[in-house]
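Q:
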Amino acid sequence: MRILSNEKGFTLIEVIAAIIIFSVSLLLFNVYFVNSFSNIKRQDSQLVAMNIARQFAEQWKAGNGTLIDKDGTTLLATSSYKKIAEKESEILGESFLLSNVTLNGITYEPTIVINKLEPLYTIQITVKQAGGDSILATLHTAIANPKKGD
Numbered sequence: 001m002r003i004l005s006n007e008k009g010f011t012l013i014e015v016i017a018a019i020i021i022f023s024v025s026l027l028l029f030n031v032y033f034v035n036s037f038s039n040i041k042r043q044d045s046q047l048v049a050m051n052i053a054r055q056f057a058e059q060w061k062a063g064n065g066t067l068i069d070k071d072g073t074t075l076l077a078t079s080s081y082k083k084i085a086e087k088e089s090e091i092l093g094e095s096f097l098l099s100n101v102t103l104n105g106i107t108y109e110p111t112i113v114i115n116k117l118e119p120l121y122t123i124q125i126t127v128k129q130a131g132g133d134s135i136l137a138t139l140h141t142a143i144a145n146p147k148k149g150d
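Just so we're aligned, residue 1 is where the sequence shown starts under the UniProt record's numbering, counting upward by one.
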């Protein structure tokens, strides 16, 4: 009886080799997908941080920014060119925390630094994730002296 020699099919070694190759390819795709998801999450946080920075920049350029120091003292009630000029010696070059913003369960900490670039005041807004050291977004803008355009 030659029944066994006429059978066609896969041997056990071929099946095991196919399973191993399939497993390795799944593992490689898994690493790719995990990295993709972490990159997407990081980029989403950076996008939100940049939008927060833009919001604060527009608020300051419109004159609605407030500046409170670490003691809780209000240094600026409005962010007009004139008010910044009055407090120039106290605020130029110093980093001040703005109000924290929580979006999508993540708290962002924006800070502001005001410098003078005659005849402008430059504003640098930096946004970090609460408890984190890495900067997610940095935005520079300026407030012009309204008298210079006259």
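C-beta: ideal position from N, C-alpha, C; glycine also.
May I have a chain-ordered list of the beta strand (DSSP E) segments no shorter than 3 residues that lie completely inside the region 71 to 143?
A: 74 to 76, 95 to 97, 101 to 103, 106 to 117, 120 to 129 and 135 to 143
Q: Excluding the 5 residues flanking Leu-98 on each side, which residues of the same chain have their C-beta closer than 7 Å to its C-beta?
A: Here residue 98 is taken as the residue at index 98 of the sequence shown, counted from 1. Taken in chain order, the residues that qualify are Phe-56, Pro-110, Thr-111 and Ile-112.
Q: Where do the ends of the alpha helix (DSSP H) carrying Asn-39 lie?
A: Counted from its first residue, the sequence shown places residue 39 at position 39. From DSSP, the alpha helix (DSSP H) with Asn-39 extends over 12 to 61.
Q: Measuring straight from C-alpha to C-alpha, what distance separates Thr-138 and Lys-147?
A: Sequence index remark: in the sequence shown, residue 138 carries index 138 (1-based). Sequence index remark: in the sequence shown, residue 147 carries index 147 (1-based). Straight-line Cα distance between these residues: approximately 29 Å.
Q: Could you give the C-beta distance for Tyr-108 and Ala-77, rounded to a whole number, given that I count them as a contact under 8 Å?
A: The count along the sequence shown starts at 1 and reaches residue 108 at position 108. The count along the sequence shown starts at 1 and reaches residue 77 at position 77. Going by Cβ atoms, the distance from Tyr-108 to Ala-77 rounds to 24 Å, so no, they are not a contact pair.
Q: Does the distance from the C-beta atom of Thr-141 to that of Lys-61 stay below 9 Å?
A: Numbered from its first residue, the sequence shown carries residue 141 at position 141. Numbered from its first residue, the sequence shown carries residue 61 at position 61. Yes, these two residues count as a Cβ contact at 9 Å.
Q: Under a Cβ-count criterion, where at least 16 other Cβ atoms within 10 Å of its own Cβ denotes burial, should Ala-17 be classed as buried or exposed?
A: Stepping through the sequence shown from its first residue, residue 17 is reached at position 17. Looking at its Cβ environment, which holds fewer than 16 other Cβ atoms inside 10 Å, Ala-17 is exposed.
Q: Assuming Val-101 and Ile-52 are in contact, meaning their beta carbons sit under 8 Å apart, how far apart are those beta carbons, in whole angstroms?
A: On the sequence shown, position 101 is the one that residue 101 refers to. On the sequence shown, position 52 is the one that residue 52 refers to. 5 Å between Cβ atoms; contact.
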